[in-house]
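Asker: This is the structure I want to talk about, given as structure tokens.
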Amino acid sequence: MTHEEAQMHSSAYVDGEVSGLDAAAMFGHLAECGTCRTFMSRVLAMRSTLLSAPPIPVPPALDRRVLSLRLPQTRSTPVRRLLASRIQIPLAAAAAIAVTLLTITLFSVSLWLSAPPQQPQKQETVYIMSLPAIEVHAPQPADRKPVQ
Amino acid sequence: MRDTDDQQLLAQVRSGDARAFAALYERYKARLYGFCVRLLADDSLAQDAVQETFLKLRHEAGHITEPRALRSWLYRVARNEALMLLRGRRNGNTADPDLIPDSETPQMALERKDVGEALRTALAALKTEYREVIVLRELDGLSYAEIAEITGDTESSVKSRLFKARRALAERLAPWWDERERP
């Protein structure tokens with residue numbers, strides 16, 4: 010195993026990404042090579058130093074920028090699309106529709122209030138009676154008994 | 007557990023739930039912002055990259071084919087945004103993080119005897135392709151498979167790139183160690 014191979018395996022070993030056979034060969038090389046042992050110890054030292062560094066704080070301005078993004082509503086169903094299209098009526102058109110509906114309502118109310126009161130109509134109750142049909146059978150000749 | 011939560015939150019984001027969107031942002035903002043700052047060495051551009059990432063999440067939540075891999079998806083988008091901004095900056099006249107060693111070298115930090123500062127300077131001086139794998143592996147703790155998914159490489163390529171990045175870092179920090187280990 011060359012120094013380059015041993016150091017590449019050392020790099021992968023500290024990440025837990027080396028197979029058993031490669032690890033055995035690497036340790037065999039490290040046992041006899043001070044340069045590669047030094048490399049491995051420095052790789053571990055660099056990791057330790059990097060991990061001990063304080064985290065970089067996220068600026069509040071970024072929070073504001075990202076959280077102000079508006080989420081689009083899902084358009085998975087035709088019903089949702091219909092609802093979305095109803096919401097997107099321009100303000101002027103919506104105001105015109107609202108004024109028209111209000112005018113019609115007020116006009117209808119004023120008509121109803123100005124109309125003379127109507128007399129209640131006299132109601133008559135009619136009972137229809139019917140009788141059930143009765144079926145009458147004439148006696149058959151065989152049923153007749155001789156007159157004595 | 008985190009993946010399950012991510013899937014649930016993503017499903018809620020798809021239906022337009024702003025609270026689920028905010029929860030995903032809270033969960034990933036520090037990681038993604040830290041990644042972008044280290045990649046770009048620019049606070050303002052890093053904010054732009056993270057904002058674009060969440061803007062894409064907002065628009066493309068319904069098209070994410072593997073909700074279980076949301077974390078990788080977010081990192082991949084953030085990386086692409088950051089690299090795009092980096093390319094734009096290279097075309098302009100502003101500073102390039104790959105040229106940072108000209109302004110401050112590990113030797114300068116060495117004089118202050120601060121290994122953390124020397125390492126940060128050395129990291130900022132690495133090529134972008136090395137810096138990103140170091141950050142993703144060492145600081146964010148992602149696996150080779152996840153890094154490969156984010157960068158579009160194979161796992162063996164990630165392994166090789168990480169080794170070269172670590173070797174480059176070790177070489178830059180060698181003066182600090184040599185000074186310290188000198189009897």
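Protein sequences, first through last, are from chains A and B.
Using the numbering used here, the first residue of the first sequence is number 10, and each one after it goes up by one.
Using the numbering used here, the first residue of the second sequence is number 7, and each one after it goes up by one.
Heads up, the beta-carbon is just placed ideally off N, CA and C, and yes, glycines get one too.
Under a three-way DSSP split, which group does residue 42/A fall into?
Answerer: Residue 42/A: coil per DSSP, three-state reduction.
Asker: Which bits of chain B does residue 31/A rub up against, with CB to CB less than 8 Å?
Answerer: By Cβ distance, chain B contributes nothing, its closest Cβ being about 11 Å from residue 31/A, past 8 Å.
Asker: Under 8 Å by Cβ, that's how I've got residue 91/B and residue 55/B pegged, so tell me the actual separation to the nearest angstrom.
Answerer: 6 Å
Asker: Which of the three DSSP states is assigned to residue 108/B in this structure?
Answerer: Summary for residue 108/B: the model assigns pLDDT 45, below 50, so the residue's position carries little reliability; its value from the coordinates is reported in the next sentence. Looking at residue 108/B - three-state DSSP - the assignment turns out to be helix.
Asker: Return the CA-CA distance between residue 183/B and residue 54/A, expressed in angstroms with no decimal places.
Answerer: Taking the CA atoms as reference points, residue 183/B sits about 10 Å from residue 54/A.
Asker: Using the Cβ count rule (16 or more neighbours within 10 Å means buried), how would you classify residue 25/A?
Answerer: Here residue 25/A is exposed. Its C-beta has fewer than 16 other C-beta atoms within 10 Å.
Asker: If the cut is a Cβ gap below 7 Å, which residues of chain A does residue 183/B touch?
Answerer: 51
Asker: Please state if the CB of residue 137/B and the CB of residue 45/B are separated by a distance shorter than 9 Å.
Answerer: yes
Asker: For residue 160/B and residue 101/A, what's the separation of their Cα atoms in angstroms?
Answerer: 58 Å
Asker: Scan the segment 11 to 37 of chain B for residues whose Cβ lies nearer than 8 Å to a Cβ of chain A and list them as they occur along the chain.
Answerer: 19, 20, 21, 22, 23, 24, 27, 28, 31, 35, 36
Asker: Note down the Cα distance separating residue 66/A from residue 43/A, rounded to an integer number of angstroms.
Answerer: 40 Å
Asker: Check whether the Cβ of residue 140/B lies closer than 9 Å to any Cβ atom in chain A.
Answerer: yes
Asker: Pick helix, strand or coil for residue 48/B, following the three-state DSSP scheme.
Answerer: coil
Asker: Taking 7 Å as the limit between beta carbons, can you name the residues of its chain near residue 42/B, skipping five residues before and five after?
Answerer: 52, 55, 56, 84, 88
Asker: Does any residue of chain A have a CB that is nearer than 9 Å to the CB of residue 165/B?
Answerer: yes
Asker: Mind listing the chain C neighbours of residue 46/A? Cutoff is C-beta to C-beta under 8 Å, in chain order.
Answerer: In the displayed structure, chain C is absent; the protein chains listed are A and B.
Asker: What residues from chain A crowd round residue 40/B, counting only those whose CB sits closer than 7 Å?
Answerer: 64, 65
Asker: Could you check what DSSP says for residue 133/B in three-state terms: helix, strand or coil?
Answerer: Coil.
Asker: Using a Cβ-Cβ cut-off of less than 8 Å, give me the residues of the segment 12 to 31 of chain A that come near chain B, in sequence order.
Answerer: 16, 17, 20, 21, 24, 26
Asker: Between residue 10/A and chain B, is the shortest Cβ-Cβ distance under 9 Å, so that the two count as touching?
Answerer: When Cβ-Cβ separations below 9 Å define contact, residue 10/A makes no contact with chain B.
Asker: Comparing alpha-carbon positions, which option in 81/B, 124/B, 65/B, 67/B lies nearest residue 156/B?
Answerer: 81/B
Asker: Using only alpha-carbon positions, find the residue among 186/B, 188/B, 181/B, 164/B that is nearest to residue 20/A.
Answerer: 164/B
Asker: Mind listing which residues of the segment 108 to 122 of chain A have their C-beta closer than 7 Å to chain B's C-betas, in chain order?
Answerer: none
Asker: Could you work out which residues of chain B lie near residue 35/A, taking near to mean beta carbons separated by less than 7 Å?
Answerer: Within 7 Å Cβ-Cβ: nothing; residue 35/A doesn't reach chain B, min ~12 Å.
Asker: So is residue 113/A buried or exposed if we call it buried at 16+ other beta carbons inside 10 Å?
Answerer: Looking at its Cβ environment, which holds fewer than 16 other Cβ atoms inside 10 Å, residue 113/A is exposed.
Asker: Say whether chain A places a C-beta atom closer than 9 Å to the C-beta of residue 144/B.
Answerer: yes
Asker: What are the residues of the segment 166 to 177 of chain B that lie near chain A, defined by any Cβ-Cβ distance shorter than 8 Å?
Answerer: 166, 168, 169, 172, 173, 175, 176
Asker: Count the other C-beta atoms from every protein chain shown that fall within 10 angstroms of the C-beta of residue 40/B, then say buried if there are 16 or more, exposed otherwise.
Answerer: buried
Asker: Which same chain residues end up closer than 6 Å to residue 24/B when comparing Cβ atoms and leaving out the 5 residues on each side of it in sequence?
Answerer: none
Asker: With a 10 Å radius around its C-beta and 16 neighbouring C-beta atoms as the bar for buried, classify residue 67/B as buried or exposed.
Answerer: buried
Asker: Assign residue 27/A to one of three DSSP states: helix, strand, or coil.
Answerer: coil
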